[in-house]
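Position in the sequence shown (first residue = 1) + 407 = my numbering.
Here a beta-carbon is modelled for each residue, glycine too, at the ideal position from N, C-alpha and C.
Please read all numbers here as calculations on a predicted model, not as lab measurements.
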Amino acid sequence: MEILMSIVVGILFMAATYLMLSKSLLRIIIGTGLLSHGAHLLILTMGGLKKGAAPLLGEEASSYVDPLPQALILTAIVISFGVTSFFLVMAYRAYQELGSDNMDQLRGNDHNE
């Protein structure tokens with residue numbers, strides 16, 4: 408299962424890199440979202456995909472699951488949601504002011520004159 412998850416993480420990183428290298432601001436934002444989802448899956452996979460009981464006192468089980476990767480992922484999901492919403496508001500405001508979401512035009516490097 409870890410090999411399959413590693414392949415999915417690689418595909419997410421590949422798609423995110425492709426989207427972040429494009430000229431459209433919306434595609435860059437979607438790429439950062441995919442990159443964060445890939446990082447979440449990577450943390451979960453590296454934490455180990457094991458079956459077991461929650462590590463609670465008084466519970467007797469043959470194996471336990473480490474809750475630290477899940478707590479890190481939960482925190483990272485909240486942070487990435489906030490960053491993505493900030494990027495979307497910033498992109499909308501830039502589109503309102505400048506009328507374009509092309510990164511070359513936003514930088515002032517428009518060579519079509």
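* DSSP state of S429 mapped onto helix, strand, coil -> To locate residue 429, count along the sequence shown from 1; it is residue 22. Three-state DSSP puts S429 in coil, outside helix and strand.
* Kindly indicate which three-state DSSP category A468 falls into: helix, strand or coil? => Along the sequence shown, one-based indexing puts residue 468 at 61. If DSSP states are grouped into helix, strand and coil, A468 belongs with coil.
* Asked: Taking the alpha-carbon positions, what's the L451 to G465 distance?
  -> Taking the sequence shown and counting its residues from 1, the one referred to as residue 451 is at position 44. Taking the sequence shown and counting its residues from 1, the one referred to as residue 465 is at position 58. About 26 Å.
* Asked: In terms of residue numbering, what span does the alpha helix (DSSP H) encompassing M497 cover?
  -> Locating residue 497 in the sequence shown gives position 90, counting from the first residue. Note, M497: alpha helix (DSSP H), 475-505.
* Asked: Below 8 Å between beta carbons: does that hold for S431 and N516?
  -> Reading the sequence shown from its first residue, position 24 is the one you call residue 431. Reading the sequence shown from its first residue, position 109 is the one you call residue 516. With contacts defined by Cβ atoms closer than 8 Å, S431 and N516 do not form a contacting pair.
* Between V415 and L441, is the Cβ-Cβ spacing less than 8 Å? -> Here residue 415 refers to the residue found at position 8 of the sequence shown. Here residue 441 refers to the residue found at position 34 of the sequence shown. The answer is no: Cβ separation not under 8 Å.
* For D473, the nearest candidate out of I437, R500, K457 (CA to CA) -> Here residue 473 is taken as the residue at index 66 of the sequence shown, counted from 1. Out of I437, R500, K457, K457 has the C-alpha closest to the C-alpha of D473.
* To do: State the DSSP-derived secondary structure class of A461, mapped to helix, strand or coil.
  => One-based indexing of the sequence shown puts residue 461 at position 54. Looking at A461 - three-state DSSP - the assignment turns out to be coil, as it is neither helix nor strand.
* By the 10 Å Cβ neighbour count, where 16 or more other Cβ atoms means buried, how is A423 classified, buried or exposed? -> As a first step, residue 423 must be located in the sequence shown, where it is residue number 16. Counting Cβ neighbours within 10 Å, A423 comes out buried, since at least 16 surround it.
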